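Q: In case it helps, this note's numbering puts the sequence shown at residues 192 to 514. Ideal Cβ placement from N, Cα and C applies to all residues, glycine included. All values derive from a computational prediction rather than experimental measurement.
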Amino acid sequence: MSELLKITDLHVEYDTSEETVYAVNGVDLTVGRKETLGLVGETGAGKTTTALSVLRLLPHKIGRISKGSIIYDGEDLLAIKEKVFKKYRGKRISMIFQDPMTSLNPVIPIGKQVAEVIKLHNPDMTKAQIESRVDEMLEMVGIKANRKKDYPNQFSGGMKQRVVIAIALACEPELLIADEPTTALDVTVQAQVLAMMTDLKERLGTSMILITHDLGVVAETCDKVAVMYAGEIVESGTVEDIFGKGNHHPYTIGLFGSLPDLKDDKPRLSPIEGLMPDPTDLPKGCKFHPRCPHCSEKCRTEQPEVMVTNGHSLRCHLFSKEV
Ligand SMILES: Nc1ncnc2c1ncn2[C@@H]1O[C@H](COP(=O)(O)OP(=O)(O)O)[C@@H](O)[C@H]1O
Ligand SMILES: [Mg+2]
């Protein structure tokens with residue numbers, strides 16, 4: 192299995208004027224070629240921060256990688272110069288941001304925005320070649336090429352998101368990081384956009400990190416899943432591992448419990464009690480212990496190690512004795 196991206200022991204901090212936010216606290220993740228990894232967890236878990244670290248887009252002077260390594264196709268992304276890194280960002284690795292509506296420039300026609308990205312990464316292409324590539328990209332995401340002179344506000348939310356995806360895929364990146372790409376869209380459009388992304392990914396052979404708080408979306412789209420809580424991966428494995436009957440982290444079980452039951456339309460049954468801990472003052476021991484129904488003395492004092500069984504990893508004292 193050839194890995195495209197390997198993140199090891201990543202720690203990210205934000206230094207604000209008063210305090211330090213411990214946003215990512217020792218994350219290990221790998222993404223294989225043509226593989227889709229779902230990164231799930233509640234708001235504030237550190238999902239976006241992890242993604243921004245890969246693209247080296249943490250806010251200047253505030254966000255800081257304090258430890259860890261990010262290896263991409265054998266290259267240490269944290270060691271290479273910014274000038275060289277520009278060849279990666281937007282070319283080999285693309286990102287669809289959490290708020291798609293703000294990623295488009297309102298005063299530039301959409302076709303021109305797609306063209307700019309293509310031009311940037313293919314300086315030798317002629318104007319005609321770029322134009323035909325723009326048409327191709329727009330058609331691919333289901334937008335008629337004759338609408339390329341239209342401005343973003345002439346499109347619906349779902350269509351705007353398609354433009355954003357066209358831009359992200361215009362350079363045929365090897366890795367696409369999609370940060371909650373459908374959160375801002377209504378449910379029907381969400382399903383359409385996801386289906387389209389899955390189809391494109393399969394046709395182009397793109398690897399993907401899909402960030403979402405929706406386990407239902409993960410089940411349909413991903414090969415592997417990593418569940419994130421308070422800046423750590425508490426459980427990871429294949430979709431079968433995470434959705435199967437085997438051992439699970441109590442937080443993963445809590446996330447499943449908060450899925451609405453589609454069959455009988457009942458309200459959420461067991462949302463996880465309590466809130467994510469304050470990232471400036473994280474609890475000792477297991478970071479989930481204040482909310483965990485299985486919390487013991489050991490959980491309050493000792494940080495659990497990651498245990499891996501056949502590729503299924505768990506960071507929980509309940510399973511720390513198992514091999
Ligand atoms: N620019 C920033 N300055 C200070 N804290 C930040 C900043 N960006 C994110 N954080 C904090 O880092 C933590 C992780 O945030 P984030 O990565 O956005 O999580 P997620 O994407 O899982 O919702 C949160 O506690 C958030 O408030
Ligand atoms: Mg986020």
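Measure from the alpha carbon of residue 360 to the alpha carbon of each residue in 404, 310, 285 and 299, then state which is nearest.
A: Nearest C-alpha to residue 360: 285.
Q: Using DSSP with H/G/I as helix, E/B as strand and the rest coil, what is residue 514?
A: Unreliable placement is indicated for residue 514, whose pLDDT of 41 sits below 50; no coordinate value is reported for it.
Q: For residue 360, which of helix, strand or coil comes out of DSSP?
A: Helix.
Q: With a 10 Å radius around its C-beta and 16 neighbouring C-beta atoms as the bar for buried, classify residue 388 as buried or exposed.
A: The residue is buried, with at least 16 neighbouring Cβ atoms inside 10 Å.
Q: Can you tell me which of the three DSSP states residue 294 falls into?
A: Correct three-state label for residue 294: coil.
Q: Measuring only the C-alpha atoms, how far is residue 353 from residue 431?
A: So the two alpha carbons sit approximately 30 Å from each other.
Q: My output table needs one value for residue 209: the three-state DSSP class, helix, strand or coil.
A: Three-state DSSP puts residue 209 in coil, outside helix and strand.
Q: Which of the three DSSP states is assigned to residue 136 in this structure?
A: Residue 136 lies beyond the stretch modelled for the chain, which goes from 192 to 514, so this question has no answer here.
Q: Would DSSP call residue 394 helix, strand or coil?
A: Helix.
Q: Confirm the yes/no value for this check: CB of residue 212, any heavy atom of ligand 1, distance under 6 Å.
A: Residue 212: yes, Cβ under 6 Å from ligand 1.
Q: For residue 485, which option in 408, 510, 235 and 341 has the closest C-alpha, if you only look at C-alpha atoms?
A: With distances taken between Cα atoms, residue 485 lies closest to 510.
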